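In our numbering, the protein residues as written are 78 to 438.
All C-beta atoms, glycine included, are put in the ideal place defined by N, C-alpha and C.
Everything numeric in this text was worked out from a predicted model, so none of it was measured.
Each remark here refers to the structure printed beneath this line.
Okay, here's the thing in C-alpha cells:
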C-alpha cells in the first residue's frame, strides 16, 4: 500500500503541475515566448477547451433574439477620384520647414524681399522661363505597344508644346517632370483599368491620375493616339508646375498643346463655324455637373480662351499661371481673373468676342 500510495500522490502532483502550467500558459501566452514543447501543449489544450457557440437544436432564446438584431453598420469607404476636380487637394508643394523669403522684381525693375508673398494684380511683372530644356520633361512608357516612331513623334510634339509655353511660363514654376504613360491596345482592358481609377471616365480615350502620376491611354489611330498622349502629358506637367488648377485653364492648356499656335490645325475651329463659346462668367463658374452635361462646349471654349490668351495677352496668361503656382490648393476665381486682367469682366468678354470673330469664324 505504501508504494501504491506514494505513486498515487506523485501522479496527483504531476497532474496538478500540468493543469496549473496549462492555466498559466493560457492566460499569459501573449506575454512571452514559450518553449516549443510547452507551446504545443498549450495549443492542444486550447483546442480541447475551446468554447463552441450554442446551436439552435435546443431552441436557445438568446440565440434567436440575437439573430433578429440588425448587424452593426460598417462605415462605407469613400472613393476619391485620382483626377477629379471636386476632391481633396494634394498640392505639389510641401509646407516649408523654415520661414520662406519671397523675392521679386516690380515693373520698375526694383527687387523686393519679404516674408509674405507679393500681391498679384494687373501690373505684376512675371519673370518668365524663356526656354524649357527638352530634358525637363521625361516620357516614361510603362508598356511596350507603341512603336519607336510614335514614341519619337510624341517626344517632338511635347518639346514643340513646351517651346510655345516657354514664353509665358513663370520661371519659378518649372521643375523636372516624369510623365508615366500606360497604353492599351484592347479597349475592354483599358476600360477595366480606368474604371478602377475613375468610373466616370471609363469611356474616355485618356486619363491622368495624380495620385500615381500616371496616364492611361487607349491606342487608336496614330494621330489620335499622339494627340491623346500629348493632352495627358500636359495634365502631368500642369500638376507638377501649378498644383491644383481650375478646370478651364487645365483643359484649355491641354487642348492647346495638341496644336500649339495653330488654330487652323485644331478641330475646335470647325466647331466654332456653327457654335458660339459659352460666356466667360459661365466658363469661370462652371461646375463638375456643367462639364459633364455640356462637355463639348466647355472644352471648346477653354481651348479658345487659352488660345486667345496665348496670342493676344501673354503677360496676362503669365500672371494667371503665377497665381496658380502660388495659390496652393486654391483655384482661380472669377475675381482673380478680373484682378489680374486689370479691367472689368465685360471688357474681357468684349476683347475675347472680337478675337473669336477675327480668328475662328
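Original post:
According to the neighbour-count rule (16 or more other Cβ atoms, all chains shown, within 10 Å of its Cβ), is residue 144 buried or exposed?
Top reply: Residue numbering aside, residue 144 sits at position 67 when the chain shown is read from its first letter. Because the pLDDT of residue 144 is 42, which lies under 50, any placement of that residue in the model is unreliable, and the number read from its coordinates should be weighed accordingly. Exposed: under 16 other Cβ atoms inside 10 Å.
**OP:** May I ask you to verify whether the segment 246 to 257 touches the segment 202 to 209, counting CB pairs closer than 8 Å and requiring at least 3?
**Re:** yes
Subject >> Span separating the alpha-carbon of residue 368 from that of residue 233 >> reply: Here residue 368 is taken as the residue at index 291 of the chain shown, counted from 1. Here residue 233 is taken as the residue at index 156 of the chain shown, counted from 1. Rounded to the nearest angstrom, the two C-alpha atoms are 31 Å apart.
Subject >> Beta-carbon contacts of residue 430 that lie in its chain and below 7 Å, excluding the five residues immediately before and after >> reply: Within the chain shown, residue 430 is the residue found at index 353, counting from 1. There are no such residues.
**OP:** May I have the straight-line CA-CA distance separating residue 325 from residue 202, to the nearest angstrom?
**Re:** Walking along the chain shown from the start, residue 325 turns up at place 248. Walking along the chain shown from the start, residue 202 turns up at place 125. Using only the alpha carbons, I get a separation of about 23 Å.
Subject >> residue 413 to residue 301 span [Cα, whole Å] >> reply: As a first step, residue 413 must be located in the chain shown, where it is residue number 336. As a first step, residue 301 must be located in the chain shown, where it is residue number 224. Cα to Cα, the separation comes out at about 35 Å.
Subject >> Paired residues, beta bridge with residue 243 - DSSP >> reply: Position 166 of the chain shown, counting from 1, holds the residue named residue 243. Answer is none; residue 243 lacks a bridge partner.
Original post:
Whose C-alpha, out of 357, 366, 387 and 376, is nearest the C-alpha of residue 421?
Top reply: Here residue 421 refers to the residue found at position 344 of the chain shown. Ranking 357, 366, 387 and 376 by Cα distance to residue 421 puts 357 first.
Subject >> Unbroken alpha helix (DSSP H) run spanning residue 327, endpoints >> reply: Position 250 of the chain shown, counted from the first residue, corresponds to residue 327. First-last of the alpha helix (DSSP H) with residue 327: 324 to 335.
Original post:
Is residue 214 closer than 8 Å to residue 314 when the C-beta atoms are compared?
Top reply: To locate residue 314, count along the chain shown from 1; it is residue 237. To locate residue 214, count along the chain shown from 1; it is residue 137. In this structure, residue 214 lies closer than 8 Å to residue 314 by Cβ.
**OP:** Give me whichever residues DSSP pairs with residue 205 in a beta bridge.
**Re:** Locating residue 205 in the chain shown gives position 128, counting from the first residue. 247, per the DSSP bridge assignment.
**OP:** Tell me where the alpha helix (DSSP H) around residue 257 begins and ends.
**Re:** Here residue 257 corresponds to residue number 180 of the chain shown, with the count starting at 1. Residue 257 -> not in any alpha helix (DSSP H); beta strand (DSSP E) instead, spanning 254 to 261.
**OP:** Please confirm whether residue 349 and residue 438 have their CB atoms less than 8 Å apart.
**Re:** Here residue 349 corresponds to residue number 272 of the chain shown, with the count starting at 1. Here residue 438 corresponds to residue number 361 of the chain shown, with the count starting at 1. A contact, by the Cβ cut-off of 8 Å.
Original post:
What residue range is occupied by the uninterrupted alpha helix (DSSP H) comprising residue 296?
Top reply: In the chain shown, counting from the first residue as 1, residue 296 sits at position 219. Careful: residue 296 lies outside any alpha helix (DSSP H) and carries neither H nor E.
Original post:
Is residue 340 closer than 8 Å to residue 280 when the C-beta atoms are compared?
Top reply: The residue labelled residue 280 in the question sits at position 203 within the chain shown. The residue labelled residue 340 in the question sits at position 263 within the chain shown. No, these two residues do not count as a Cβ contact at 8 Å.
Original post:
Is the distance from the Cβ of residue 286 to the Cβ of residue 295 below 8 Å?
Top reply: Stepping through the chain shown from its first residue, residue 286 is reached at position 209. Stepping through the chain shown from its first residue, residue 295 is reached at position 218. Not in contact: residue 286 and residue 295 (Cβ atoms no closer than 8 Å).
Subject >> Closest by C-alpha distance to residue 225, when choosing among 416, 299, 293 and 311 >> reply: As a first step, residue 225 is located in the chain shown; it is residue number 148 there, counting from the start. Measuring from the Cα of residue 225, the nearest candidate turns out to be 299.
Original post:
Beta carbon of residue 317, beta carbon of residue 283: below 8 Å?
Top reply: The residue given as residue 317 occupies position 240 in the chain shown. The residue given as residue 283 occupies position 206 in the chain shown. For residue 317 and residue 283, no; Cβs fall outside 8 Å.
Subject >> Nonlocal neighbours in the same chain, by C-beta distance under 6 Å from residue 239, ignoring five residues either side >> reply: If you number the chain shown from 1, residue 239 lands on position 162. Closer than 6 Å at the Cβ level, and outside the excluded window around residue 239, lie 209.
Original post:
Can you check whether the CB of residue 256 is closer than 8 Å to the CB of residue 217?
Top reply: By one-based count along the chain shown, residue 217 stands at place 140. By one-based count along the chain shown, residue 256 stands at place 179. It is a contact, given that the beta carbons lie within the stated cut-off.
Original post:
So what does DSSP say about residue 385, is it helix, strand or coil?
Top reply: Counted from its first residue, the chain shown places residue 385 at position 308. Residue 385: helix per DSSP, three-state reduction.
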